[in-house]
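Number of protein chains: 2
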Amino acid sequence: MNDKSLQIPKRIKRSDQIVESVKRWVALNRMEPGERLPNERELMQQFECSKGTVREALKSLEVQGLVTIRTGPNGGAVLERVPFEKASELLRNYLHFDQPSGPEIYALRTLIEPEIAALATPRITEEDLDSLEALVKCCEMTPETLEERIDQRIAELDFHVLLAQRCGNAMLSFIGRFVNDMIRDLVIFKKSALPEQREFSCANLAYHRQLIDALRARDASRARQLMHEHMKSAEHFNRELEGQLHQHFLGATR
Amino acid sequence: MNDKSLQIPKRIKRSDQIVESVKRWVALNRMEPGERLPNERELMQQFECSKGTVREALKSLEVQGLVTIRTGPNGGAVLERVPFEKASELLRNYLHFDQPSGPEIYALRTLIEPEIAALATPRITEEDLDSLEALVKCCEMTPETLEERIDQRIAELDFHVLLAQRCGNAMLSFIGRFVNDMIRDLVIFKKSALPEQREFSCANLAYHRQLIDALRARDASRARQLMHEHMKSAEHFNRELEGQLHQHFLGATR
DNA sequence: CTAGATTTGTTCGTATGTATC
DNA sequence: TGATACATACGAACAAATCTA
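Chains A and B, in that order, give the protein sequences. Counting in this note's numbering, the first sequence runs from 3 upward without gaps. Counting in this note's numbering, the second sequence runs from 3 upward without gaps.
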């Protein structure tokens with residue numbers, strides 16, 4: 003009962019009321035993804051408002067990623083799981099004026115990746131192990147071009163994303179994927195002219211191979227320990243890299 | 003005159019294009035919170051579209067928490083930092099069909115709270131310490147009513163929220179606040195008829211007092227260690243509590 | 001305190017494109 | 001192929017909020 007309505011003496015927008023009503027209705031009826039919301043006409047009658055207002059409310063739900071709106075017969079708003087990409091984008095907006103630095107990202111990563119590895123150990127399937135080995139294979143050859151180097155870094159990150167998706171803890175999984183996304187952006191945008199860091203790649207490759215062994219042996223505590231060392235190593239190399247970049251772009255920081 | 007070569011394969015909605023354009027424009031111009039976006043009329047001219055379409059785009063930005071829209075002279079859309087509550091709400095939507103369990107929440111909390119405490123140690127101010135002590139004071143008296151008991155649990159959580167706000171790592175801070183919000187909901191909704199757990203409250207009180215001492219002494223590693231023990235203790239009591247509740251509601255789970 | 005100016009907010013009517021049957 | 005149902009988009013008119021003189 004303790005709603006925002008207590009805080010807002012001012013007029014609450016009609017469409018926002020509808021959004022809240024629909025959300026409550028979905029939660030109360032335990033609606034599942036794929037079920038359809040009433041169409042525009044029914045909603046207009048239900049809430050005694052115009053087409054445009056209903057449309058604005060549906061638009062709001064769509065922006066939040068809660069529904070997708072299909073056109074055509076039997077179209078309309080259908081309930082959806084919020085896709086990761088949408089949630090990720092919205093959290094990025096939150097961080098827009100407070101961009102996390104490289105070291106901050108790596109600090110968080112060092113905290114959570116070991117736990118993700120441990121939780122994923124009993125849940126990983128044979129197919130997952132095959133996928134992980136395929137990703138490792140991508141990183142075996144020595145990269146010729148800058149693009150190949152970036153592709154390898156992304157394959158390394160995908161290794162961690164797959165583990166995050168399998169860890170079984172929705173929040174931990176989200177954070178893991180989000181953090182790896184942030185690092186991917188660092189790799190792609192900020193450091194497209196990044197030095198080779200051959201040592202770094204080799205260390206990662208070795209850790210990933212050992213991690214696969216630990217996963218296959220279902221040895222969670224070894225996976226945790228390996229991942230922790232891996233992250234400490236990555237943190238170290240990143241610090242080194244940022245130091246080098248700082249040398250190059252003295253005064254051009256932002 | 004239906005020339006297919008003129009048809010653009012994109013089915014991206016006009017308003018979404020406008021949203022993306024505005025976002026790019028904001029990022030490129032390094033716009034700060036408080037600055038105003040062009041008003042509806044100018045945007046209509048800029049993007050050669052109708053008022054309704056512009057409004058839909060602005061609404062989208064508002065739902066994402068990126069702008070607030072005021073009416074009247076000098077009104078319009080002004081750039082905002084996304085408030086925590088908005089980002090939190092959107093992440094909750096993401097988790098709606100994958101509700102984290104109590105143990106999952108506490109597992110994440112155990113990972114991050116010690117680091118938050120350590121990072122906050124050098125950054126906490128005298129005023130913050132006063133606030134923390136005030137929160138501890140709330141938990142000293144023995145609660146008479148259920149409501150008092152809940153208020154004390156919330157004061158305990160606010161202790162952690164304040165630390166999270168001061169830890170200086172935006173992502174860690176967000177996760178800390180989010181996790182404590184989730185626990186607050188557990189306290190308020192699921193366990194309003196929760197048993198007294200006197201031992202739990204006393205343990206928390208003791209830990210919080212010791213934490214304040216460590217913070218005052220600027221002893222980050224002790225703060226980290228204390229918080230870790232605190233979280234392990236809380237995790238244990240929560241497991242005990244969930245066991246009790248499970249006894250009561252056998253078969254009534256969902 | 002009132003009146004007017006400015007800007008957003010809401011609604012109606014209409015037209016068009018598109019997906020499904 | 002055509003009919004239908006729905007979203008998308010436009011424009012005009014009016015309502016409401018808010019600032020300023």
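Cβ atoms here follow ideal geometry from the backbone N, Cα and C, with glycine treated the same way. Predicted model, so just to flag it, every value in this text is computed and none were measured.
Taken in chain order, the unbroken stretches of alpha helix (DSSP H) that lie wholly in the stretch 172-245 of chain A and span 4 residues or more are 172-187, 200-218. For A/Leu63, the enclosing alpha helix (DSSP H) covers residues 53-65. Taking 8 angstroms as the CB threshold, B/Ile214 stays off the interface with chain A.
Measuring C-alpha to C-alpha distances from A/Leu121 to each of A/Phe239, A/Lys15, A/Arg224, A/Lys61 identifies A/Arg224 as the nearest. Within 9 angstroms of the CB of B/Glu106, the CB atoms of chain A belong to Gly170, Asn171, Ala172, Met173, Leu174, in sequence order along the chain.
For the stretch 68-99 of chain B, the beta-carbon criterion of a distance under 8 angstroms to any beta-carbon of chain A is satisfied by Leu68, Arg83, Val84, Phe86, Lys88, Ala89, Leu92, Leu93, Asn95, Tyr96, Leu97, His98, Phe99. Proximity of chain A to B/Val65 at the Cβ level (cut-off 7 angstroms) is accounted for by Ser62, Val65, Gln66, in chain order. Within the stretch 77-141 of chain B, the complete alpha helix (DSSP H) runs of at least 4 residues fall at 86-97, 104-122, 128-140. Neighbours of B/Glu117 across chain A, judged by C-beta separation under 7 angstroms: Leu113. In this structure, the alpha-carbon of A/Ile107 lies about 23 angstroms from that of B/Gly67.
Setting aside the 5 residues that flank it on each side, A/Met184 is surrounded in the same chain by Ile107, each with a C-beta closer than 6 angstroms to its C-beta; the list follows chain order. Closest in alpha carbon position to B/Ser17, among B/Asn31, B/Val56, B/Thr123, is B/Val56. Contact between the stretch 123-143 of chain B and the stretch 218-234 of chain B is present: three or more C-beta pairs spanning the two stretches fall below 8 angstroms. In this structure, DSSP gives B/Arg38 an extended state, which the three-state scheme calls strand. Around the beta carbon of B/Gln47, fewer than 16 other beta carbons lie within 10 angstroms, which makes this residue exposed. In the structure shown, the three-state DSSP call for A/Ile152 is helix. Between the alpha carbons of A/Asp160 and A/Thr73 lies a distance of about 35 angstroms. Looking from the CA of B/Arg226, the closest CA among B/Val69, B/Ile152, B/Thr112 belongs to B/Thr112. Of all residues in the stretch 129-145 of chain B, none is placed with a Cβ closer than 8 angstroms to any Cβ belonging to chain A. The three-state reading of DSSP puts A/Ile20 in helix, counting H, G and I together. Residue B/Lys61 holds the alpha-carbon nearest to the alpha-carbon of A/Val21 among B/Lys61, B/Leu45, B/Phe49.
DSSP, reduced to helix, strand and coil, places A/Arg32 outside both helices and strands of the structure shown, so it counts as coil. With a cutoff of 8 angstroms on beta-carbon distance, B/Glu142 and B/Leu97 are scored as not near each other. In chain order, Arg226, Met229, His230 place their CB closer than 6 angstroms to the CB of B/Pro116, counting only its own chain and leaving out the 5 sequence neighbours on each side.
A direct Cα-to-Cα measurement between B/Leu188 and B/Glu42 gives close to 43 angstroms. If you check the CB distance, B/Met233 and A/Pro102 do not come in under 8 angstroms. In this structure A/Gly178 is buried. Its beta-carbon is surrounded by 16 or more other beta-carbon atoms within 10 angstroms. Comparing alpha carbon positions, the residue from A/Val65, A/Leu30, A/Lys139 closest to A/Pro85 is A/Val65. Closest option to B/Gln154, judged by alpha-carbon separation, among B/Phe180, B/Val163, B/Ser133, B/Ser203: B/Ser203.
For B/Pro35, the closest C-alpha among the options B/Glu82, B/Leu148, B/His210, B/Cys140 is that of B/Glu82. Under the Cβ distance rule, A/Pro197 does not count among the residues neighbouring chain B, no pair being separated by less than 8 angstroms. Within the same chain, Cβ atoms closer than 6 angstroms to the Cβ of A/Phe49 are found at Ile20, the five residues on either side in sequence being excluded. The continuous beta strand (DSSP E) containing A/Ile71 extends over residues 69-72. By the neighbour-count definition (other C-beta atoms within 10 Å, threshold 16), A/Ser52 is an exposed residue. Straight-line measurement puts the Cα of B/Thr144 at about 46 angstroms from the Cα of A/Glu237. Residue-level contact by beta carbon fails for A/Ile190 and chain B, as no gap is shorter than 8 angstroms.
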